[in-house]
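Student:
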Amino acid sequence: MTRTTRSIPNLRKRKFRYPLLVPAMILAFPAPGQAMHISEGILPAPWAGLWFAVALPFLAWGLHDLKRRSGGDPHFKPLVGLVGAAVFIISCLPIPVPTAGTCSHMCGTGLAAILIGPVLTVVITSVALALQALFLAHGGLTTLGANIVSMGVAGAFSGYAIYRLSVWIGAPKYVGVFLAGLFADWCTYAVTSFELASSLAGVDSWKTMFLAIGVAFMPTQLPLGIFEGLISAGAYRFIRNRRPDLLRAIEEGVA
Amino acid sequence: MKKVVLAGMLIFFLILGLWLGLTQLKSKWPGVDEAVVERFARESNRPPRDPYINPDRGDLLLFFFLLAGVAGGFVGGYFYRELFPPKSTKGARNA
Chain A
110 MTRTTRSIPN LRKRKFRYPL LVPAMILAFP APGQAMHISE GILPAPWAGL
160 WFAVALPFLA WGLHDLKRRS GGDPHFKPLV GLVGAAVFII SCLPIPVPTA
210 GTCSHMCGTG LAAILIGPVL TVVITSVALA LQALFLAHGG LTTLGANIVS
260 MGVAGAFSGY AIYRLSVWIG APKYVGVFLA GLFADWCTYA VTSFELASSL
310 AGVDSWKTMF LAIGVAFMPT QLPLGIFEGL ISAGAYRFIR NRRPDLLRAI
360 EEGVA
Chain B
2 MKKVVLAGML IFFLILGLWL GLTQLKSKWP GVDEAVVERF ARESNRPPRD
52 PYINPDRGDL LLFFFLLAGV AGGFVGGYFY RELFPPKSTK GARNA
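So the sequence lines, in the order shown, correspond to chains A and B.
Positions 110 to 364 (the working numbering) are the ones given, in order, by the first sequence.
Positions 2 to 96 (the working numbering) are the ones given, in order, by the second sequence.
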């Protein structure tokens, strides 16, 4: 039995509650229906299908990872549940950005990738996006694959990569977490720009449209990405102060 | 004390920014999906269509969001308490 298991020994008796996780997340967290998600019907069918095809292997990998890790540390499932709920609320909570006069939201995938790993982040992002598309008029079912790729795959993997790189070069972990939040946000919108430009522009005008969409996102996302980095670093600091054992377990691959 | 000052400054500047934005800008504060994504989609003759399940009718969407908030608050709080139990509870459990 691990040290973390001993700290809350009766967690194992509560396994029957965990199947409630996904349906509970269906109803998780409020927000008005404005977001960066690509709306229903915007992508032509072949492109929508292509983005589903790109997203599916990551989703399968994530589900396999979830199954593999579920039998281990008893803190794992509560952590996935909490991170999933957080990603859901963060990704449909529009924040007014005074510099742009528009609203947008953070992604939460950078911090999520650090806490539960990038492939599991793809799974929880997929669940969150699917629920938003189904019940909150937020994103779309036909554009779900594209939204999973931009927010789940690109956001999680870019955030995780920059965090690992920061740790590897010896930067303080807070800096790594800040950069993970920042780049996860910016990469999400960069990939959204790529997806839109790829499907909407002709071959000749692809670059022009990609840059135009990217520039249009900037006034909102540049400050919001910095804000997300700060929030991520703050959340990491909170966990380190309250549960340093949990972070050690994450880094050792126990949780 | 230092934390209180920092938190106070952060809150002050956030409120100031929001107040300036709300009072000085004439923007309708659209989401970037509307301001960017859908604008480029319309310009490319691919306007968005209504969601297949459209709860945006009257107060229905508000109802869904409120319901989601109630349930989501419970779910988040439940798992938060599992991971970050109050110190007295944690001590009692370890005893």
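C-beta: ideal position from N, C-alpha, C; glycine also.
What residues of chain B sit near R352/A, judged by a beta carbon separation below 9 Å?
Tutor: If you number the first sequence from 1, residue 352/A lands on position 243. Within chain B, the residues near R352/A are L84, F85.
Student: Please state whether DSSP places I199/A in a helix, a strand or coil.
Tutor: Counted from its first residue, the first sequence places residue 199/A at position 90. Residue state, collapsed to three classes: helix.
Student: List the residues of chain B that F303/A touches, going by C-beta distances under 9 Å, in chain order.
Tutor: For this step, residue 303/A is matched to residue 194 along the first sequence. By Cβ distance, chain B contributes nothing, its closest Cβ being about 13 Å from F303/A, past 9 Å.
Student: Using the beta-carbon of each residue, which ones in chain A are nearer than 8 Å to F65/B?
Tutor: In the second sequence, residue 65/B corresponds to position 64, counting from 1. F244, L245, listed in chain order.
Student: When we look at the beta-carbon of D182/A and count the other beta-carbons within 10 Å, is it buried (16 or more) or exposed?
Tutor: Translated into the one-based positions of the first sequence, residue 182/A becomes position 73. When all chains shown are included, D182/A counts as buried.
Student: Show which residues of chain B have a CB atom less than 8 Å away from the CB atom of F326/A.
Tutor: In the first sequence, residue 326/A corresponds to position 217, counting from 1. Per Cβ cutoff of 8 Å: V33, V37.
Student: Spatial neighbours of L253/A within its chain, please: C-beta separation below 7 Å, excluding the five flanking residues on both sides.
Tutor: For the purposes of this step, residue 253/A is taken as the residue at position 144 of the first sequence. Same-chain partners within the cutoff: L238, A239, A242.
Student: Under three-state DSSP, which class holds I204/A?
Tutor: Your numbering for residue 204/A matches position 95 in the first sequence. Of the three classes helix, strand and coil, the one that applies to I204/A here is strand, per DSSP.
Student: At what residues does the alpha helix (DSSP H) containing C296/A begin and finish?
Tutor: What you label residue 296/A is simply residue 187 of the first sequence in a count that begins at 1. Where C296/A is concerned, the enclosing alpha helix (DSSP H) stretches over 282-309.
Student: Taking only beta carbons into account, state which residues of the stretch 213-241 of chain A come closer than 7 Å to chain B, listed in chain order.
Tutor: For the stretch 213-241 of chain A, which is checked against every Cβ of chain B, the residues closer than 7 Å are S213.
Student: If you drop the 5 nearest sequence neighbours on each side, which residues of the same chain put their C-beta closer than 6 Å to that of E337/A?
Tutor: As a first step, residue 337/A is located in the first sequence; it is residue number 228 there, counting from the start. Excluding residues within five positions, the ones whose Cβ falls inside 6 Å are M215, G290, D294.
Student: Using DSSP with H/G/I as helix, E/B as strand and the rest coil, what is S213/A?
Tutor: Translated into the one-based positions of the first sequence, residue 213/A becomes position 104. It is a strand residue.
Student: Is there at least one Cβ from chain A nearer than 8 Å to D60/B's Cβ?
Tutor: By 1-based counting over the second sequence, the position of residue 60/B is 59. Answer no: the Cβ-Cβ gap between D60/B and chain A never drops below 8 Å.
Student: In chain B, which residues lie with their C-beta within 7 Å of the C-beta of P187/A?
Tutor: Counted from its first residue, the first sequence places residue 187/A at position 78. Ordered by position in chain B, the residues that pass the 7 Å Cβ test against P187/A are F80, E83, L84.
Student: What are the start and end residues of each continuous alpha helix (DSSP H) run of 4 or more residues lying completely inside the stretch 214-283 of chain A, in chain order?
Tutor: With a minimum length of 4 residues, the continuous alpha helix (DSSP H) runs that stay inside the stretch 214-283 of chain A are 218-225, 227-244, 253-256, 264-277.
Student: Which of the three DSSP states is assigned to G59/B in this structure?
Tutor: Looking up residue 59/B in the second sequence gives position 58. If DSSP states are grouped into helix, strand and coil, G59/B belongs with coil.
Student: Please work out which residues of its chain come closer than 7 Å, Cβ to Cβ, to V284/A, disregarding the five sequence neighbours upstream and downstream, and give them in chain order.
Tutor: On the first sequence, position 175 is the one that residue 284/A refers to. Only S275 meet the Cβ criterion.
Student: Which residue's Cα is closest to the Cα of V101/A: G323/A, G219/A, G261/A?
Tutor: Residue 101/A lies beyond the stretch modelled for chain A, which goes from 110 to 364, so this question has no answer here.
Student: Less than 8 Å between the beta carbons of A344/A and S45/B, yes or no?
Tutor: Working through the first sequence from its first residue, we reach residue 344/A at position 235. Working through the second sequence from its first residue, we reach residue 45/B at position 44. Cβ distance not < 8 Å, so A344/A and S45/B don't count as in contact.
Student: Suppose you measure from the CA of A8/B to the CA of L15/B; what does that come to, to the nearest Å?
Tutor: Position 7 of the second sequence holds residue 8/B. Position 14 of the second sequence holds residue 15/B. Each residue's Cα considered, the two are about 11 Å apart.
Student: Below 8 Å between beta carbons: does that hold for A321/A and H184/A?
Tutor: For this step, residue 321/A is matched to residue 212 along the first sequence. For this step, residue 184/A is matched to residue 75 along the first sequence. It is not a contact, given that the beta carbons lie outside the stated cut-off.
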